[in-house]
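If you count the sequence shown from 1, you need to add 15 to reach the working numbering.
Where is the CB? At the ideal position from N, CA and C, for every residue including glycine.
Written below as structure tokens is the structure these notes are about.
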Amino acid sequence: MTDFLVHEHLVRPGEKRTPTQDTHIPVHLPQLFVLFLSENPVVNPHYEEVRKESEEWLAKSVTYPNECSFDERSRRILSKTDFSYFCSVAAPDAGPEELRTVCDWGNWVFPFDDSTSLPTFVARVLSLSLKVFDNGGLKDDPARAQQLIDSLLAGMRDEGAQRPSGGDSPLVRVHNTVWQRVAQVWSLLTYFWFGQFADETQASPVGVRRRFAASMGEYCKGSIEQVRTCSMGRYPSLDEMLVLRRQSAGVAPLFALVEYAHKLDIPDHVFECRSIKEIERIGVDLVLLQNDILSYCKEEKEGVTHNVVAICRHSGMPAQMAFNYIGNMLVARYRDWYLALAELPSWGEKVDAQVQQYIRGVQNVVMANLNWSFRSGRYFGDAKDIVRKSMVVRVKRQSADV
Numbered sequence: 016m017t018d019f020l021v022h023e024h025l026v027r028p029g030e031k032r033t034p035t036q037d038t039h040i041p042v043h044l045p046q047l048f049v050l051f052l053s054e055n056p057v058v059n060p061h062y063e064e065v066r067k068e069s070e071e072w073l074a075k076s077v078t079y080p081n082e083c084s085f086d087e088r089s090r091r092i093l094s095k096t097d098f099s100y101f102c103s104v105a106a107p108d109a110g111p112e113e114l115r116t117v118c119d120w121g122n123w124v125f126p127f128d129d130s131t132s133l134p135t136f137v138a139r140v141l142s143l144s145l146k147v148f149d150n151g152g153l154k155d156d157p158a159r160a161q162q163l164i165d166s167l168l169a170g171m172r173d174e175g176a177q178r179p180s181g182g183d184s185p186l187v188r189v190h191n192t193v194w195q196r197v198a199q200v201w202s203l204l205t206y207f208w209f210g211q212f213a214d215e216t217q218a219s220p221v222g223v224r225r226r227f228a229a230s231m232g233e234y235c236k237g238s239i240e241q242v243r244t245c246s247m248g249r250y251p252s253l254d255e256m257l258v259l260r261r262q263s264a265g266v267a268p269l270f271a272l273v274e275y276a277h278k279l280d281i282p283d284h285v286f287e288c289r290s291i292k293e294i295e296r297i298g299v300d301l302v303l304l305q306n307d308i309l310s311y312c313k314e315e316k317e318g319v320t321h322n323v324v325a326i327c328r329h330s331g332m333p334a335q336m337a338f339n340y341i342g343n344m345l346v347a348r349y350r351d352w353y354l355a356l357a358e359l360p361s362w363g364e365k366v367d368a369q370v371q372q373y374i375r376g377v378q379n380v381v382m383a384n385l386n387w388s389f390r391s392g393r394y395f396g397d398a399k400d401i402v403r404k405s406m407v408v409r410v411k412r413q414s415a416d417v
């Protein structure tokens, strides 16, 4: 007997149709577990231990008055989200200390504010810089919002020499500890957060720090621009949305963090290579296209429009055509991936070995995103296993804005 997925419910032929079924239609998702994504992910052996430490630390750290404090509900959401699993697939060979840093960043950047559906830090900034409803009230303080952004980015200047002041947001303080670990700038502040001094270790390569700082700057810039665009009610073109989402998806910082976590020391000139730039671009695109396909049902219900499937539907495409179109974009990215690999030059045995590990890191981030999207249940709830097997979901027959 054929089953059709309707949100979290299965409806069988012959059963009475509901109003929801009259307004929603089934669509087939593109095949996502293909090529290198068909393999089972390797999970870091320190995952369980580090996950517990990271979640407890973050919940304890972000508890200052008038900020995004973690109540019991927030703790449950953080635990259910389990972004540490994502990080443990992205950095399967990292040691426990390095994995902890990656997980702390992931748990910092990922928890979502209910009113904006954006990462906690960005949601906090936007609640000040834009007229966004937040628990029934409106906040509009662009000067302070810019101050938060400046404070975050200032903590990554001068190779970590900046220290968060007493007046900084705890969200900035949390991120500064991540930065200091990436830069290996250990101080009394590190003792304050962890209760112990770090062992004497060699600082991370300057290039890793620079790439992480630059990608975080782009992430903040893109996230704010994305919401400003959406708040004006203007639909960007698909190409414009892709440019915006490459910044706001928060993928590029993960590449630098994986480079840090695996203790790679790749010469800067390697990252100027066209093939490496293509591999990074394709990696970002694969993640954001996967994400927008899988998150569409949830975001459609919430009225979120910064989604490439939503942009296609807004342009007039029927639902299945929109999903197919984005699926074809994925196929094109897979082809470009292997072409970029084929054109990769050699820099000698020692560098080549590290470059290959970096490329596997980019690949692991893509794999982590796909597997985590189903494992966490964020997008499909209790129906995640059914969707994973059938690759069928139901969406509105008619896009609300068409």
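- Residue pairing of I291 in beta bridges, as defined by DSSP: absent, with no partner found.
- The DSSP assignment places 253-263 and 267-276 as complete runs of the alpha helix (DSSP H) inside the region 223-292, in order along the chain (cut-off: 4 residues).
- Pairing V197 with A383 gives a Cβ-Cβ distance that is not under 9 angstroms.
- When the five nearest sequence neighbours on each side are left out, the beta carbons in the same chain lying within less than 8 angstroms of the beta carbon of S99 are those of Y62, V65, R66, S69, E70, C118, G121 and N122, in order along the chain.
- Under a 10 Å Cβ-count criterion, N322 is classified as buried, with 16 or more other Cβ atoms of the shown protein chains found around its own Cβ.
- Counting only the Cα atoms, S263 lies some 13 angstroms from A229.
- Among the bridge pairs identified by DSSP, H43 is matched with V407.
- For L272 and F227, the gap between their C-alpha atoms comes out near 7 angstroms.
- In its chain, beyond the 5 residues on either side, N322 have a beta carbon closer than 6 angstroms to the beta carbon of E314.
- CA-to-CA, the gap between F48 and N191 works out to about 36 angstroms.
- Sequence-distant partners of Q372 (beyond 5 residues in either direction) whose C-beta falls short of 7 angstroms from its own C-beta, in its chain, are H277 and L279.
- Nearest in C-alpha terms to R261, of all of Q241, L52 and L385, is Q241.
- In this structure, S290 sits away from R393, with a CB-CB distance that is not shorter than 9 angstroms.
- Counting C-beta atoms within 10 angstroms of its own C-beta, G376 has 16 or more neighbours from the protein chains shown and is therefore classed as buried.
- Cα atoms of R188 and I164: separation of roughly 12 angstroms, rounded to the nearest angstrom.
- For E113, the secondary structure class from DSSP, reduced to helix, strand or coil, is helix.
- For N343, the enclosing alpha helix (DSSP H) covers residues A334 to A357.
- Judged by pairs of C-beta atoms under 8 angstroms, the region 245-256 does not touch the region 281-296, as fewer than three such pairs exist.
- Inclusion of Q305 and S238 in the CB contact set at 9 angstroms is not warranted, their separation being larger than that value.
- Proximity to E293 across A347, T244 and E317 peaks at A347, based on C-alpha coordinates.
- In the structure shown, R90 adopts helical secondary structure according to DSSP, grouped into three states.
- In the DSSP assignment, T320 falls outside any alpha helix (DSSP H), carrying neither H nor E.
- Between I308 and P45, the C-beta spacing is below 9 angstroms.
- Between the C-alpha atoms of M332 and N339 there is a straight-line separation of about 10 angstroms.
- Per the coordinates, the alpha-carbon of A398 lies some 43 angstroms from the alpha-carbon of A169.
- It is roughly 10 angstroms from the alpha-carbon of E233 to the alpha-carbon of L259.
- Rounded to the nearest angstrom, the gap between the Cα atoms of W72 and K95 is 16 angstroms.
- Secondary structure at R393: coil, using DSSP grouped into helix, strand and coil.
- The three-state secondary structure of W362, taken from DSSP, is coil.
- The residue from P107, V402 and S76 with its alpha-carbon nearest to that of V193 is S76.
- Here H61 carries a coil assignment [DSSP, helix/strand/coil].
- Counting C-beta atoms within 10 angstroms of its own C-beta, L345 has 16 or more neighbours from the protein chains shown and is therefore classed as buried.
- Nearest neighbour of K316 by Cα position, chosen from F395, G363 and K365, turns out to be F395.
- In this structure H43 touches V407 by the C-beta definition: roughly 6 angstroms separates them, less than 8 angstroms.
- Distances from the CA of R390 to each of R90, F51, P56 and L50 were compared; the closest alpha carbon is that of P56.
- Going by DSSP, S99 is part of the alpha helix (DSSP H) stretching over F98 to A105.
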